[in-house]
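So the structure is just underneath, and the comments pick up after that.
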Amino acid sequence: MTRARIATAWLGGCSGCHMSFLDMDEWLFELAEVADVVYSPIADVKEFPQDVDVTFVEGALANEDNLREALHIRENSRLVVAFGDCAVSGNVTAMRNPLGDPIEIVKAVYVDAPDRDGQIPEKEGIVPPLLPRVLPVHKAIRVDAFLPGCPPPADRIQAALEALLEGALPPNRGEAIRWG
1 MTRARIATAW LGGCSGCHMS FLDMDEWLFE LAEVADVVYS PIADVKEFPQ
51 DVDVTFVEGA LANEDNLREA LHIRENSRLV VAFGDCAVSG NVTAMRNPLG
101 DPIEIVKAVY VDAPDRDGQI PEKEGIVPPL LPRVLPVHKA IRVDAFLPGC
151 PPPADRIQAA LEALLEGALP PNRGEAIRWG
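Residue 120 in our numbering sits at position 120 of the sequence shown, with consecutive numbering throughout.
Next comes the structure, spelled out in structure tokens:
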């Protein structure tokens with residue numbers, strides 16, 4: 001039997017969903033018996049692999065790096081789960097949206113507010129450009145399931161993983177599943 005290949009990713013969010021993932025405690029040993037976590041900030045793997053069965057994506061899309069990562073995840077994952085309220089709806093990460101153009105906000109904070117030598121942090125490869133608006137994951141890529149919560153509780157994450165491992169989401173089906 002082929003072992004399931006599971007990934008988790010952390011975009012624009014607080015990592016609370018990953019902390020809740022770790023709160024599954026000893027069930028993580030049972031998960032390790034049937035699946036491999038092939039990418040995660042928890043596992044500290046640097047490159048997102050190909051042929052991932054299911055990826056749990058935490059966080060919203062706040063900058064160009066987040067968007068690029070989400071597109072890469074979708075391309076290399078059979079199933080994608082929006083993991084937590086930031087991924088599902090934008091939540092706290094999207095609180096900047098009503099403030100308008102993020103470039104004007106950054107300018108006010110980094111150029112106008114300092115006493116001297118203010119500058120916008122924009123070194124290529126270090127500070128990714130902000131997107132005009134923070135987006136929930138499904139606004140940029142196809143999402144197969146939604147797991148809301150801030151963060152989702154460990155028992156709901158476990159139930160979602162168990163359902164996925166039992167084949168609850170057939171490939172190329174229509175509507176996304178929502179847990180919770």
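All C-beta atoms in this analysis are idealised placements derived from N, C-alpha and C, irrespective of residue type, glycine included.
All of these numbers come straight from a predicted model, not from anything done at the bench.
- Here Val143 carries a coil assignment [DSSP, helix/strand/coil].
- A distance of 8 Å or more separates the beta carbons of Val38 and Ala160.
- Boundaries for Ser89: no beta strand (DSSP E) harbours it, while the alpha helix (DSSP H) harbouring it runs Asp85 to Ser89, taken from the DSSP string.
- Taking C-beta atoms under 8 Å as the contact rule, Arg74 and Asp53 fail to qualify, at a distance of about 14 Å.
- A buried status is given to Thr8, since no fewer than 16 other beta-carbon atoms sit within 10 Å of its beta-carbon.
- Residue nearest to Val134 within the set Glu122, Trp10 and Pro102 is Pro102 (criterion: CA-CA distance).
- No residue range can be given for Leu11, since it is assigned to no beta strand (DSSP E) and is classified by DSSP as neither H nor E.
- Taking a C-beta distance under 8 Å as the contact criterion, Pro41 and His72 do not qualify as a contact pair.
- In the DSSP annotation of this structure, the continuous segment of the alpha helix (DSSP H) that includes Val34 starts and ends at Trp27 to Val34.
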